[in-house]
Structure formats: C-alpha cells, structure tokens
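For the sequence shown, the UniProt record's numbering assigns the number 1 to the initial residue and increments by one for each residue that follows. Written below as structure tokens is the structure these notes are about.
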Amino acid sequence: MSDALDALRRVNFDWVRTLDSVWLEAEPTGAPNEALIPGIVEALHAQKPGSRPRGRVLVGEPGIGKTHLVGEIRREVWASGGWFVLLDVLGLTDFWRSAALSYLTALMQPMPDGRRQSDAVLAGVARRFNVEEQVEQAFNTPNIDTRRIVDLLVRALMHVDTARALKHQDVFRALCLLRSQDLAAVGLAHAWLQGYDADPAARAGLGFTTPPPAPIELVRGMAWIMGLSGPTLVALDQIDGVVDASRLTLDEDFDAGPGLAEMLAAGLMELHDGGGRGMTLITCLTDSWRRLEERGLKSAMDRFEPPVLLTGMNKPAAAAALIRGRLAPAYAEAGFAPPSPTWPFSEAAIAAAARFAMRPRTLLMRCDAFRRDCLAGGIVTVCDDLVEPNDGSGKKGGAGPFDLEDARRKADISGILDDEETGLGELLRAAFDLYALEDDPHDEVDVVSKGEPEQRLPPLHGRLTFLHRDENDRERHVCYRALLQQHPIAFQARLRAALTASGISSKIPGRELLVVRRGPVPAGTKTSTLVDRFMAAGGKLIDPSDDDLRTFVALRTLRDQALRDGEFDTFESWIRETLPVRGTAFFRKIGLPGDGTAVQPARGRRGRDPLPPLPPRQPLRDIDPPASGPEPASPPAHAEPEPAATPAHAEPEPAATPAHAEPEPVLRVEAEPAPIPDAIPVGHRLTPDAPPVALPLRLLPRHTAIIAGSGSGKTVLLRRLVEEAALAGLPAIVVDPNNDLSRLGEAWPERPDRFTPEDDRKAGLYAERVEVVVWTPGIHAGNPLFLSVMPDLAASDDRDERAQAIEMAAETLGPLAGATRTLQRGVLADALRAFAGRGGGTLGAFTDLLADLPDGTSQIGRATNLAADMANQLLAAVATNPLLRIEGAVLDPARLFYGAGRDRTRISVVNLSGLASEAAREDFVNRLQMALFGWIKKNPSPRGLLYVVDEAQTFLPSGRTPPSLGSGIKLVAQGRKYGLGMIVATQVPRGIHNQVVSNCTTQFFGRQSAPATIAAAQEIMAASGGTAPDIGRLGAGEFYFATEGSGRPAKLRTPLCLSHHPANPPTPEQVIAQARLSAARAKEASRE
C-alpha cells in the first residue's frame, strides 16, 4: 500500500487552466469537445488565396474545459504546419496595442522542437527561397551583422509582394534582430515591435527606416510575415471577465457601459479583414458571446460562424480518459502498476459523474479531494462516489516536520537582487505560488498563481488570479514583475510591456500591477513620465525587505525538500494551517493580507459579511409526500444529483438563525410557525410512482426564472412557488402587471378536482398563516402606494455601494430633469454625490440643492446654471406627474414585506392597473427596485425574501433600456448577498436581459408555440446540458426544471396553486375592491 500512496502522492489533478496554460503541453483527454479540433484545423488550411474563412466560436459554462481545448487546438495547429497567436485582450481600451503585444508574445513562445515560434517563422520564410540552411548558419555565427541577413531576405521578399515588403520591412528587421546576440539590439527590437521608439539614433544605426508604426500596422506586418510560410490561428480565450468588467469602467449610466464590447467587436472585425492568412477562434461563456452579439457590430458578428455549444463529461469513456490522463504519468514515474487504469476511482463512480454531465473542473476537484483524503489517512481506498463532495474527514492537521525559523537562518539571499529573471523573478514566482497554495480549494473561488511561459523578455513574471466561479467567472488579476534594470531604455521597454500585459493602463476593474525592485528607478525625463503614468494607473512600486526575501527563500527550500522527500502533502497541510506567506510585510504592502479571497470582502469567500451561513447545503431531492397531520420536521430522502461542493470557508449566505444580525426594523416581526421545511415542493417527475421533487430554500436567493408561453401554466406555477415560500416563512413583493396575481389572497370557492389531500392541508395553512395585501399605485380608491423617486443614499457606508445607489438615482432623475447631454448628466452626478454626502433626503430637498448649487459642488463650467435648469425641470415633472407627488405616507420595503401580526407571513401584490402607460409602469417599478436596493443592504434577511416580477420582459427587457432595467440588473446581481431572491416570469425566451437570466440558478421551461420561441428555449436549455425536443408539445403544468446540482433539466408536472385562479383575471374594479378589503384586514390585524 505504501507504493500506492507514493504513486497517488505524485498525481496532479490541477483543475484550473489559466490563459498561459494554453502554451503548455498536455495530453488529449478524449473529451467530446476534442472532436471539434480536426474540423477547425482543416478550415484553417482550406482557405483560398485572397480570402479568410469565417471565425469559429465555442461557448460553454465555466469549468467545461474551454482553455484546455484551446491548448489542444494550438498543438494541432503547430503539428499541421500553421502558426498560433493567443490574443490577450486585458487592455480593451487599446485593442491594437494589446494585439501587437500578443503577437510578439506568441512569437517568443518555444515550440516542441525547441525553437521559438519567431525562429520557425523566419525559417519558413527562408525555406520559401531555398536558403533556410544558410540563414540558420548565419544567425548562429558569432558577431555576425544581423543587418546583412535582413537586407538579403528583404530583397527576396520584394519578388513576392513589393508593396508589402517595402511597408513591413522594418517589422521583418525587428523579428530578425530578436535573434541577435547583442542584448541592446534585442531590447530595442522588442520595444519597437510594441510600438515604442526607445532610441531613435540606435534604431537608425540598426537599419530601421522609420519609427514604429501604429500598433495596427505592427499586427498587419507580423501577420503578413507569418502568412508567408503558413496560416495563423488567432485565438481569444477567457474574455468573459473583461467583457463583464468593461461595463464598470464608465461613469455614465448603465446602458453606456457595454461600449467596450462594441470596441472588441470592431477590433475583431478589423483583425479578420486585415489579419492576413488565417482564422479567428473565440471561446467564452454563452452569456459573453450574447453580450458581444447584442452590443457589437452586426457586420463584425457576420464574420463568425454560429457558436458551437461545448458539452460536459457526459460519457463515461471521456470522464475515464480525463482521470486516466492525470493518473498515468504519476503511476509511470512511481513504477506503480494499478489494478485498473483509473484506479482508485471505480467504474461506478465515473459512470455516475458522466450521468450528471459533470464539468471537467468539478470532476478533477472531487478526484483531488479524494486523493488528499487518502494521503491524510495513510491508506488508499477505492472511490465509489464522485458525485457527493468529499467531506475531508481524513484531513490531518499538525505542524509537520518543518522548522521555518531554522530555514530562515540558513537562507542565502545573496545574488537574488543581481538578476531580475533567474534571481528575483523566480523567487517572486515561488512566493506567489506559495500564497496560492495556502488557499484551501473550494467551488466558488479559485486562487491561481501562474508564471509567464519561458521567454527571453517576459512582459510579466507572473500573475495571481482570483476566479470567482459563482459570479460568472469574474476575475481579479494581481500581476507582478521584477524590474532591476538600471539602463533607462531597457527599464522603459519592460515597464511598458508590463503595463500593456496587465491591463491597468486601460483602467479595467480587477487589474493590478506590482513592480518589484531595489533602489530608485533610472533617471531621465522619459523614465520619470512613464513611472508617473504607471503610478497614476494604480500601479505599485515595492522594495522588498531582506527579511521577507529570506522568508520566501526559506519557504521555497522547504517546499522543494518536501517534494524530494515525497512529503508535499504534509507541507501543503502545514502551510495552509500556519499561513506564513500571508504574514509577510510584502503581501501586506500589496494589499493581500489575511487570506487569498479576503482581498475583496464584498465578494470573496471569507468576506466580513454580517450574515451567518446557512445550514449544510442539501442537493435537489425527492421528497416523500407526508401523511395528513403536521408537516414532518425531518428532511426527505436524497436523489442523486451533482451537488455543489461546500467549501470550508464559503461566502456567508442567508441563514435560518442569525448570529449577529443588525437590528430589525420596527415593522419586521418574524412569524413563529410550526417546524419549517428547508425545501419547497415543485412537482413530480413524469415517470410512474415518481416521488415529488423539491427546491432547497437556500437556492431561492440565487433567483429563479420561469420561461413559458401562453397556456403553459406559467402563472399557476409562479403563484404556487410564492405560496409555498410564504408557508416556509418567506415574505414576498409581487409585481402584477396583468391582474393575474391579485387573487393570491382569495381562497378557492370550491375544492378543485386536482387537489390532493396534501393540497387541502396546505390551502388551510395558507389561509391561516399568510396575509396578502394588494396595493394600487395611482388609484386612491384602492390601497394607494407611494414610493419616493430618490433611493436611500445613506443606505451604506461602503463607498462602492453608495456609488451604485447614486448611479441608479442618476438613471432615474436624468429623464425627469431633462439631463440629456453629457454636461447635464455630469452636474447631476456631482450634485447627487454632494447630496449623498449630506445624508440624502427627499426629492424636494434635492431639488432645492439643485436650485441653489453650493460652490465647489461641480468643476463643470456653468454648473450653477445647468443645475438651476434641471431643478425647474424636476418641479415641472412633479407638477404634471401625479406619481411623483407624495400624497400619503411613503411606504418603505419593510412595510411591504412585514405586517404587524406575529403569526402571518405577508405577500404584497403591487398591482399596476392604475398606471395607464408602459412608461409610467416602468418608472414605478424602477423606483420600487431602487427602494429595495437601498433597504436590503441595511436589512439583510437571514431567512430570505422574494421579489417577484411577472411579464418581466416589460421591465427587464433584452432589446431596449427602460428605467427599470438598470436597477433590476443591479438588484439581481447584489440581492442574493443579502437574502433577496428574485423570481422572474416571461413568455418570451429571449425577452429578459441575459444578465438577469444568467444569474438565475433555478429555471423552469414550459410550452412554447411559435417556431422562433421554441428554438430560443431549446438553445437556452442546451446551455444547461439538456435537450427539449418536445417543448412545443408540453401540456399545461408540464415544465423542464433545472437548478444547482440537478444535472440535466428534468421534466416535471407542477401542482395547482393554493389560491383561487379562474380562467379570467379580475377586472380593474374587482382589483380595487380586493385592495380595499386587504387593506382593511391588515389594519384590523394590526389592532389585535
């Protein structure tokens, strides 16, 4: 068994593929997506002269294996005689500068034969003229004048294409100089290819005819030269974080943000048209491609084939191949012969993983958790279950045989600061690797340290990446480079490359750059200007102490010794327990103290969220129907879904019992019913004797979407979800645009034939325990509701959260104040910031501030006059719009969620029949959402709350930008952290904005009638790994259902709602009567 332990100890189940891993060699896994590779390579080589094939797009969910697939494509492209460029678009605001650096970085990559790709390209050009051997000998001759080789080849190129040879001869000259043995010439050529004229005199002396052209011309030149000897595949991978973050870079309203996606699309179009001989490949999340389609140029998207959806490990053979590919090298190295190629993972475990189409990332995480458990327990057992996450019961603690202080005393740091590549650069890579090693693996955030691939002049020495898997793969990159150069030109070239590669010069959120050096930077005006630009972009210049360097050397020595002794697992446990890297002054300086994901507490997995954690997560389950009598307190039996791993330090979520909750509002009184279930039933599978299926309550704050056409039973399902949640103690605010939901408080006049005994019991409980209040904004005769147009600008002390509230206020007030121009919007934003600084207030108070704008509020010219004009516009809007006039008490969300009684859960139905126009409805819903946004942050709900929007395509549409869209998107993105879950329902599959649908963990798909909506629904379901060939033939009340851990969407029959739902909705007069009655009942209950 010791041989088995030793072999298993050597296995690497690393599940994170960062962008630079595309350049690393990896064996094919036989995964289903690899079948796409031959077709892509064939299309690359099949192009006709003068044409360029349409690009390819591969989309899939996080962890599906996109980056691994790009690496496999790169290997096959090289094997076929083509070239490969990985386009890094971190700096989207300077697409072509990033593209030029990407081409240069790609050309510096080593190929399997040991040559750099640039050397192979030059050899291919020489081969075209039958002088390959002579050119190679010349380059390898000591002290040869490289200019002579360049001049010879340029003259030969004149015979191929005189115009392009003359235009791009300096690009060719620079590529040749990268092979020079003169380091100064190499540095100048490297800078020139990035677009920087480091030394005009030296450049002229090397034979360059012109300064560097624009970056787009550099790309065209390199692409043309590469195309002389083979086609080039240009790949874009992991663009999701950039596309998503790009929305946050502008200071204007929400709709302006996605302009960076248009910029990317325009750049791709120009790259396609001017990229020479080759093809473009994009891999990304489905949502990212949709955003590019929506915000990009149609002509740019026409240059790509329709996207191909990548699939998970849905076949046992593929899952087995993935596991076998990780086990085989380690077993061979250890000389261990396993009982089977996938041992210790059984065929049953692998088959179950494939049955749930487990993502490669999840599968590898489960395998590694089992491996570590075996090593901790000292014995290798057979794994029969990869679906349930390992509980880590075998994890051992203890300090381990590692004496850090002794290692520090012995550490030799002499020479570390003499060489930025092999000295300080390599030590920094080790330090950041050890930082990432201190982080416990979990399913929501990956912390990854990667050094740049081996290059002569790497733009960075590495980057620490935080991948927020639970936030649509949001990324944070902490890039670093050792920069000890004293020569100004060499210093400038390296710093410029680092600025571009990191993306901080583009001001994209989540991009940081650290430059590490000892002593002052080189003197000179150019250097000083560049350093000032670096610091202004948020860069950090750090001088590491000898004490920290000694710690890093000591830890690297202990790690290397543990690897040699076969004790790395023990070292791993020790470093995660003692956290020595996080305790250094170096990491405190760069803003990474404590733990890896605490650097952004609002989003990290160990943030200081006031909400306590939920009880242990339960997967989607089958539940046994209870007998008559009280509801059972014990949980029902489990099904076999793929549950999400539960990290040891997961981000706090709403809990059943708060540990340190903030004071509750006066109106907030929790009911005390009988034992509350931790899941609500949603229906039965359509198989004989199938038990009910339940949705865990913990998933409701992560939002739900119901997508179904007319006559599908959508409204009945929506009502039953709200009713079941209310029975479980979750209050709700329900937006009712069509009167369909105003009868939620009305009992069935006669028992429906479809009712079961359990439905009878629950209908009785619903009447006893749930209070439904109907509100009628715009109708004084009913139960009028007034909401302030101003959000609560004092809702949070957090700077970012307050900025979001100000942004929402600007979106709402802009149209009312006539702020149609940039200057007006700028003054309005400045005034709102000043108003928030004073604590906020009412619309009237803000109008007064605009009318007499205090000095210094805004630096914009004529700000006082612009503000006064907007104040008059607001006064006119109030005079003409009755909804802006507060003629009663302003009800905050606490009043909507909570009644005065202790024994009833409130459902507030906000009926919109009194608002005649779509514009008035959209404006009111926007203000309701703004009020919720400000209130929920001050009043997080441990138990959970619901905000329900029927006909959501009206208020959260995909094709236009009403006022309610921006606040709705922010609410769906932020509400989950505070326990607020949204349920959105629509008849149109593509009708709701994709940022809303993509944030819905739970989805129901019902019958569609039109061919276009059937195809759209099937496409959305395909992204979840499911198919729905019969979605146009589903019966009323039949839905496909998918949620976290449920695997592929399953077909369910949903139950009837507990409240009265006749064929026709009530008339407006009936709604008014219901509103009056519900208000009277609520008032009477408050007196009891």
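Note that the Cβ used here is the ideal one computed from N, Cα and C, for glycine as well. In this text the structure is predicted, and so the values were computed from the model without any measurement.
Got a sec, what are the start and stop residues for the beta strand (DSSP E) Gly683 sits in?
Where Gly683 is concerned, the enclosing beta strand (DSSP E) stretches over 679-685.
State the Cα-Cα distance for the pair Lys762 and Ala725, rounded to the nearest angstrom.
The alpha-carbon atoms of Lys762 and Ala725 are separated by roughly 12 Å.
Work out the CA separation of Ile806 and Ala598 for me, nearest whole Å.
Residue placement at Ala598 is flagged as unreliable, the pLDDT there being 34, under the threshold of 50; a coordinate-derived value is accordingly withheld.
Is the beta carbon of Asp736 less than 7 Å from the beta carbon of Asn911?
yes
Apart from the five residues just before and just after Ala43, which ones in its own chain have a Cβ nearer than 8 Å to its Cβ?
The answer, listed in chain order, is Pro53, Arg56, Met279.
As a quick exercise: from Val972, Ser1009, Trp15, Ala876, pick the residue whose alpha carbon is nearest that of Ala369.
Trp15
Using CA atoms only, rank isn't needed, just tell me which of Lys315, Arg1033, Ser346, Ala1015 is closest to Met358.
Lys315
If you count every other CB in all the chains shown that lies within 10 Å of the CB of Gly524, and 16 or more means buried, which is it?
exposed
Cβ-based burial, Ala352 [other Cβ within 10 Å; buried from 16]:
buried
Helix, strand or coil at Phe129 according to DSSP, with G and I counted as helix:
coil
Please report the distance separating the alpha-carbon of Trp224 from that of Gln873.
CA-CA distance, Trp224 to Gln873, rounds to 58 Å.
Classify Gly583 as buried or exposed, calling it buried when 16 or more other Cβ atoms lie within 10 Å of its own Cβ.
exposed
For Gly844, which of helix, strand or coil comes out of DSSP?
helix
Below 7 Å between beta carbons: does that hold for Phe84 and Arg97?
no
Limits of the unbroken alpha helix (DSSP H) element including Pro215:
215-227
Going by C-alpha to C-alpha distance, which of Asp151, Ala845, Pro942 sits closest to Pro731?
Among Asp151, Ala845, Pro942, the Cα nearest to that of Pro731 belongs to Pro942.
Can you tell me where the beta strand (DSSP E) with Tyr1040 in it begins and where it stops?
1038-1042
Which stretch, first to last residue, makes up the beta strand (DSSP E) that contains His15?
Here residue 15 is Trp; the residue named in the question, His, does not match the sequence. Segment: none, Trp15 is in no beta strand (DSSP E) and carries neither H nor E.
Close-in-space but distant-in-sequence residues of the same chain around His168 (CB under 7 Å, 5 per side omitted):
Gly221, Trp224, Ile225
When you compare only the Cα positions, how much space is there between Asp852 and Val789?
20 Å
Endpoints, the alpha helix (DSSP H) within which Ala705 is located
Note, Ala705: premise wrong, no alpha helix (DSSP H); beta strand (DSSP E) at 704-707.
If you follow the beta strand (DSSP E) that Asn33 is in, where does it begin and where does it stop?
Taken as a continuous stretch (DSSP letters only), Asn33 belongs to no beta strand (DSSP E), as it is neither H nor E.
Could you spell out where the beta strand (DSSP E) holding Ser340 opens and where it closes?
From DSSP, Ser340 is part of no beta strand (DSSP E); its letter is neither H nor E.
Between which residues of its own chain and Ala174 is the CB-CB distance below 7 Å, once the five residues before and five after are set aside?
Ala189, Trp192, Leu193
Are there 16 or more other CB atoms within 10 angstroms of the CB of Glu333, so buried, or fewer, so exposed?
exposed
Which runs of the alpha helix (DSSP H) spanning at least 4 residues fall entirely within the stretch 922-950, listed in chain order?
none
Output the boundary residues of the alpha helix (DSSP H) element that contains Gly981.
From DSSP, Gly981 is part of no alpha helix (DSSP H) but of the beta strand (DSSP E) over 980-986.
Tell me the residue span of the alpha helix (DSSP H) that contains Pro757.
757-769
Distance, Cα to Cα, Val996 vs Ala265?
23 Å
Can you tell which of Thr776, Pro989, Ala35 has the C-alpha that lies nearest to the C-alpha of Ile1072?
Thr776
In angstroms with no decimal places, state the Cα-to-Cα distance between residue 1090 and Thr704.
The question about residue 1090 has no answer here: the residues shown for the chain are numbered 1 through 1088.
I want to know whether the stretch 175-184 touches the stretch 144-159 - three or more CB-CB distances under 8 Å.
Taking a contact to require three or more Cβ pairs closer than 8 Å, the stretch 175-184 and the stretch 144-159 qualify as touching.
Enumerate in chain order the residues of its own chain whose CB-to-CB distance from Leu741 is below 7 Å, with the five nearest sequence positions on each side excluded.
Arg719, Val734, Val909, Asp950
Distance, Cα to Cα, Asp548 vs Asp6?
33 Å
What does DSSP give as the partner residue(s) for Gly55 in the beta ladder?
Phe304
When the Cα of Leu765 is compared with those of His461, Ser1059, Phe1041, Arg164, which residue comes out closest?
Ser1059
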